Ligand SMILES: [Zn+2]
């Protein structure tokens with residue numbers, strides 16, 4: 001009987017062991033099947049079921065006493081360990097997941113930061129470009145402005161110069177007008193230092209220089225290469241006269257400055273008296289050929305030359321003599337017993353007893369005017385008669401140094 005009890009106890013123990021082993025295997029399988037998320041829940045269910053079975057076992061194996069308690073204690077420890085392991089595993093997993101999340105989050109943040117930085121950098125670069133562009137635009141603008149200002153300055157300068165040029169011309173014109181006006185009011189001081197002004201309606205005289213248009217007309221002709229009279233001592237006169245056609249004509253005279261005012265006064269009075277003078281042209285228009293000029297009945301003054309067969313300068317050579325209506329008032333003299341008539345075509349006007357138009361005698365207005373201005377008449381000479389000729393006394397010529 002005793003032996004039989006022992007065998008039964010041994011069998012019970014074996015059965016219990018086998019059961020426990022099976023439970024352990026089932027626990028492992030259940031944990032694997034439950035997955036990571038359900039690990040803990042599966043372990044708790046298993047523990048409850050195991051407790052329940054053990055309790056039943058207690059009912060069944062009421063007779064095993066301490067052994068069962070010990071086994072229950074060991075099972076509880078195992079269960080607890082399993083639970084702890086499961087919890088640890090879950091925690092570990094959670095930690096890993098959290099860590100992974102954190103890492104991802106960090107990476108995301110870093111990426112975000114990088115992205116942001118990159119964006120900022122790009123924006124900054126864009127701003128830089130824009131800034132550069134802005135500067136370039138500003139520079140271009142500044143350059144354009146400078147260019148405009150420079151252009152404006154240049155334009156103003158040009159305008160100023162032009163205005164100045166106009167001003168000069170205006171000044172000359174005004175001076176000429178003032179001179180002309182003065183000439184009309186008073187017969188004094190008619191010759192002024194105004195160059196190259198020609199007023200076609202009045203009497204005036206001007207000084208001229210070697211680079212003037214006037215000088216170009218007389219150079220090499222009346223103003224010959226051996227001329228000793230300074231250009232600055234000559235004057236160009238503009239006068240009006242009544243021609244043989246009864247019309248008003250312009251006259252041009254080059255004379256010495258010493259008689260310029262006198263000639264202007266005389267010719268103005270002759271003009272006002274409608275004294276007929278056919279031509280008052282520069283002898284240069286006849287190539288400074290006296291014979292040609294006289295033959296054409298031209299009235300003139302300056303023509304540089306020496307008195308024939310002498311080194312004495314003719315008074316025409318100084319511009320200190322004036323010839324009037326030369327054809328009708330020839331220069332008549334006897335040379336070697338032969339009558340010389342200049343111009344040669346004036347023979348019929350040699351006989352001064354005859355009455356003919358344009359004859360100059362002591363009753364002639366021109367004679368009276370020239371004499372009244374201190375001129376000497378060639379028609380009064382004793383050895384020769386130069387009826388067209390009026391000149392200053394020798395005393396005036398002697399005052400000149402040439
Ligand atoms: Zn003469």
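In the working numbering, the protein residues as written are 1 to 402. Using N, Cα and C, we set each Cβ at its ideal position, and we do this for glycine too. Predicted model, so just to flag it, every value in this text is computed and none were measured.
Counting Cβ pairs, one atom from each stretch, are 3 or more of them under 8 Å apart for the segment 321-337 and the segment 293-307?
yes
So does the segment 330-350 actually touch the segment 382-400, counting three or more Cβ pairs closer than 8 Å?
yes
Contact check, residue 299 vs residue 279 under 8 Å by CB: the rounded distance?
Counting from 1 along the chain shown, the entry for residue 299 is found at position 299. Counting from 1 along the chain shown, the entry for residue 279 is found at position 279. Yes, residue 299 and residue 279 are in contact; Cβ-Cβ is about 6 Å, under 8 Å.
Hey, could you find the ends of the beta strand (DSSP E) residue 235 is sitting in?
Here residue 235 refers to the residue found at position 235 when the chain shown is read from its first residue. 234-242 is the span of the beta strand (DSSP E), which, as asked, contains residue 235.
Taking the Cβ atom as the reference point for each residue, do residue 304 and residue 209 lie within a distance shorter than 9 Å?
If you number the chain shown from 1, residue 304 lands on position 304. If you number the chain shown from 1, residue 209 lands on position 209. Against a cut-off of 9 Å, the Cβ pair of residue 209 and residue 304 comes out as no contact.
Can you tell me whether residue 187 is helix, strand or coil according to DSSP?
The sequence position of residue 187 within the chain shown is 187, counting from 1. Reliability of the predicted coordinates at residue 187 is poor, the pLDDT of 39 falling under 50, and the value obtained from them is presented with this limitation in mind. DSSP places residue 187 in coil when its eight states are reduced to three.
Just mark residue 204 as buried or exposed, buried being the case when its beta carbon has 16 or more other beta carbons within 10 Å.
Against the chain shown, residue 204 aligns to sequence position 204. By the 16-neighbour rule on beta-carbons within 10 angstroms, residue 204 is buried.
So does residue 367 have its beta carbon nearer than 8 Å to some heavy atom of ligand 1?
Position 367 of the chain shown, counting from 1, holds the residue named residue 367. With a threshold of 8 Å, the Cβ atom of residue 367 does not count as near ligand 1, since no heavy atom of the ligand is closer than that.
With 16 as the cutoff for other CB atoms within 10 Å, does residue 15 come out buried or exposed?
The sequence position of residue 15 within the chain shown is 15, counting from 1. Exposed, because fewer than 16 other Cβ atoms sit within 10 Å of the Cβ of residue 15.
Cα-Cα separation, residue 250 to residue 234
Here the question's residue 250 lines up with position 250 in the chain shown. Here the question's residue 234 lines up with position 234 in the chain shown. C-alpha separation (whole angstroms): 19 Å.
Sheet register partners of residue 297 (DSSP bridge)
Looking up residue 297 in the chain shown gives position 297. Its beta-bridge partners do not exist; DSSP assigns none.
Does ligand 1 have a heavy atom nearer than 8 Å to the CB of residue 220?
Residue 220 sits at position 220 when you count from the first residue of the chain shown. Not one heavy atom of ligand 1 sits closer than 8 Å to the Cβ of residue 220.
From the DSSP output, which residues share a beta bridge with residue 315?
Against the chain shown, residue 315 aligns to sequence position 315. In DSSP, residue 315 forms no bridge with anything.
Could you check whether the segment 256-270 touches the segment 235-245, counting it as contact only if at least three pairs of C-beta atoms, one from each stretch, sit closer than 8 Å?
yes
May I ask whether a heavy atom of ligand 1 can be found less than 8 Å away from the beta carbon of residue 318?
In the chain shown, counting from the first residue as 1, residue 318 sits at position 318. Look at residue 318: its beta carbon is at least 8 Å from all of the heavy atoms in ligand 1.
Name the DSSP beta bridge partners of residue 377, please?
Position 377 of the chain shown holds residue 377. Bridge partners of residue 377: 390.
Using C-beta distances below 8 Å, list every residue in its chain close to residue 306, excluding the 5 sequence neighbours before and after it, in chain order.
Within the chain shown, the letter at position 306 stands for residue 306. Only 312, 313, 314, 317 meet the Cβ criterion.
For a quick check, are the C-beta atoms of residue 275 and residue 365 less than 9 Å apart?
Sequence index remark: in the chain shown, residue 275 carries index 275 (1-based). Sequence index remark: in the chain shown, residue 365 carries index 365 (1-based). For residue 275 and residue 365, yes; Cβs fall inside 9 Å.
Report all residues from its chain with a CB closer than 7 Å to the CB of residue 343; omit the five preceding and five following residues, and keep chain order.
Position 343 of the chain shown, counted from the first residue, corresponds to residue 343. These residues qualify, in order along the chain: 291, 294, 295, 326, 327, 330.
Can you name the start and end residues of the alpha helix (DSSP H) that residue 265 belongs to?
On the chain shown, residue 265 is found 265 positions in, with the first residue counted as 1. 257-272 is the span of the alpha helix (DSSP H), which, as asked, contains residue 265.
Specify whether the segment 266-274 and the segment 282-291 touch according to this definition: at least 3 beta carbon pairs, one from each stretch, less than 8 Å apart.
no
Quick one: what's got a C-beta closer than 7 Å to residue 224's C-beta in the same chain, skipping five residues either side?
In the chain shown, residue 224 corresponds to position 224, counting from 1. The answer, listed in chain order, is 304.
Less than 9 Å between the C-beta atoms of residue 263 and residue 202, yes or no?
Position 263 of the chain shown, counted from the start, is the residue given in the question as residue 263. Position 202 of the chain shown, counted from the start, is the residue given in the question as residue 202. In this structure, residue 202 does not lie closer than 9 Å to residue 263 by Cβ.
May I ask you to check if the CB of residue 407 is nearer than 8 Å to at least one heavy atom of ligand 1?
Since the first residue of the chain shown is 1 and the last is 402, residue 407 is not available in this structure.
So, with DSSP's three-state summary, where would you put residue 332?
Looking up residue 332 in the chain shown gives position 332. Strand, per DSSP.
So for residue 250, helix, strand or coil by DSSP?
As a first step, residue 250 is located in the chain shown; it is residue number 250 there, counting from the start. Residue state, collapsed to three classes: strand.
Specify, as a first and last residue, the run of the beta strand (DSSP E) that residue 372 falls within.
Counting from 1 along the chain shown, the entry for residue 372 is found at position 372. Unbroken run through residue 372 is the alpha helix (DSSP H), 365-372; no beta strand (DSSP E).
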